[in-house]
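The structure under discussion appears below in the form of structure tokens.
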Amino acid sequence: MRRWLLEVVKSETILIVATILAIISCFVVPPDAEYRSYVHTKTIAQLVCLMLVVCGFQRIGVFRMVGSRLLRMVRTQRGVVLVLVSLTYFSSMLITNDVALVTFIPFAISVLTMAGMEASAVLVATLMTVGANVGSMLTPVGNAHNLYLKALSGIPTGKFLGIMAPYSFVAAVLLIVVISVAFGGKKVSQFADLDGEDIERGVLAPQPDQPQPDEIRLTGYGAGHGGWRVWVYAVLFLLCLLVVSDLVPIWVMCVVVFGVFLFADRKAFRKVDWGLPLTFIMFFIFIGNMKRVPAFYSLAASLVGGHPLEVAVVSSQIMSNVPTTILLSGFCDDWTHLIIGTNLGGMGTLIASMASLVSYKNVTRRYPDRKGRYLAVYSAVNVLFLVVLVGLSWIID
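Numbering (UniProt numbering) for the sequence shown: 1 to 397.
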């Protein structure tokens, strides 16, 4: 029991803190009818439906299959790293940064082992993490706080893309430069004679006498095994994008997505990270209450009002960018700088973006002797990207 509680505290630290803050704020502002207006139900509904659809794709191995097929085309160490980083950079724009890392970091570690590149695992995982964070910043569905800010501000999707495009593009160029300098053209022949299914088998290495991953029991290997689920989930994902762009009523998405998953894959409901929407709800309650305390509201608004971008970046280094987004949005309506600041704030410290912990846990679980090295490399690379992109924001302003 004690071990289970410790695991819960470690895995849901932000949710626990948010819940404590929400409970304390309820004593400051006793529950009343106004509480019903606190929770931004549009954000919660969009978030849950997107999480379900992406989980569905994960469980039929679509992302793993795409990565395996791309690796067939590379012949050098630099090419391997470019493919792995590109997978997190581009996929995070649609499936969120944390899902991209959950999917591709374990995949990458296995690929690096097959290619004889385990010595580079720390740097590759770091670059993939940066790729996921700077790729996800481009789109409203790239991460949870973008989804929230898009829904709250009502900014059109095209304008949102325009705000973040310069930063995502410059970061991509910088990633290519770093990869080109750090990795040479040494030949990698391990993938030359393999097709996509062979690479999948090598990555997952299922043993006949061991329980297989759930996604293999569902679908097997290769593109053909996803069957009808691939097309159904693709339609659901398109429906979610239409709702985010305010082209379809939100209730339609909720009814269709939940109805389909009750039929197609009920286990997906258990695999979704329900802690994330619950964290949002707890922070909504806390911020809603504290906004009704005049002294607190005046102080918070004065601190954020002058430099929302810089405040968002600094705050994210300490408390992560999702809580920062919810907190600052209650006291600032400079949406452009808030969007930029919370996205750039995802770089820097290891906790600046909670998605980054996915990479850290996967690498250090496989290589426990590399914890110190990972923190050093991660911090150095992230500070480089943070300085460059914050500098770019000042130039654009």
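All C-beta atoms, glycine included, are put in the ideal place defined by N, C-alpha and C.
Is the segment 159-178 touching the segment 134-142, taking contact as three or more C-beta pairs under 8 Å? yes
Within this structure, are the beta carbons of Arg-370 and Val-381 separated by less than 8 Å? no
By DSSP's criteria, Thr-76 is part of a beta bridge. Which residues make up the other side? Lys-187
Have a look at Thr-13, Arg-366, Val-248 and flag the residue whose alpha-carbon is nearest the alpha-carbon of Leu-278. Thr-13
With a floor of 4 residues, list each alpha helix (DSSP H) that falls wholly inside the segment 245-325, ordered by position along the chain. 250-264, 268-271, 275-290, 294-305, 308-319
Along the alpha helix (DSSP H) that carries Gly-341, what are the first and last residues, could you check? 335-344
When we look at the beta-carbon of Lys-150 and count the other beta-carbons within 10 Å, is it buried (16 or more) or exposed? buried
First and last residue of the uninterrupted alpha helix (DSSP H) at Asp-98: 97-114
Going by DSSP in three states, Ile-395 sits in which element: helix, strand or coil? helix
My guess is that Arg-229 and Gly-56 are in contact by the Cβ rule of under 8 Å, so how many angstroms apart are they, rounded? 7 Å
Whole-Å CB distance - Phe-280 paired with Ile-44, under 8 Å assumed: 6 Å
Taking the alpha helix (DSSP H) that Gly-67 falls in, what are its first and last residues? 62-71
Compare the beta carbon distance of Leu-328 and Leu-344 with 8 Å and say whether it is the shorter of the two. no
Using 8 Å as the Cβ pair cut-off and three pairs as the minimum, do the segment 349-362 and the segment 117-131 touch? yes
Pair within 8 Å by beta-carbon distance, Ser-353 and Asn-97: yes
If you count every other CB in all the chains shown that lies within 10 Å of the CB of Leu-247, and 16 or more means buried, which is it? exposed
Quick check: the Cα distance between Thr-219 and Ser-110, rounded to an integer number of angstroms? For Thr-219, the predicted structure reports a pLDDT of 46, less than 50, and the residue's modelled location is therefore unreliable. The matter cannot be settled from this model.
Less than 8 Å between the CB atoms is what I'm expecting for Thr-336 and Ala-312, so what's the real figure, rounded? Contact doesn't hold; Cβ gap of about 12 Å is too wide.
Could you check whether the segment 50-70 touches the segment 259-274, counting it as contact only if at least three pairs of C-beta atoms, one from each stretch, sit closer than 8 Å? yes
Cut-off 7 Å between Cβ atoms - residues of its own chain near Ala-165, not counting five sequence neighbours on either side: Leu-138
Outcome for Asp-209 when other beta-carbon atoms lying within 10 angstroms are tallied against a minimum of 16: With a pLDDT of only 44 at Asp-209, under the threshold of 50, the placement of this residue in the model should not be trusted; the figure read from the coordinates follows. So Asp-209 counts as exposed.
I need the DSSP call for Phe-331, collapsed to helix, strand or coil. coil
CB-CB length for Val-272 against Met-51, believed under 8 Å: 5 Å
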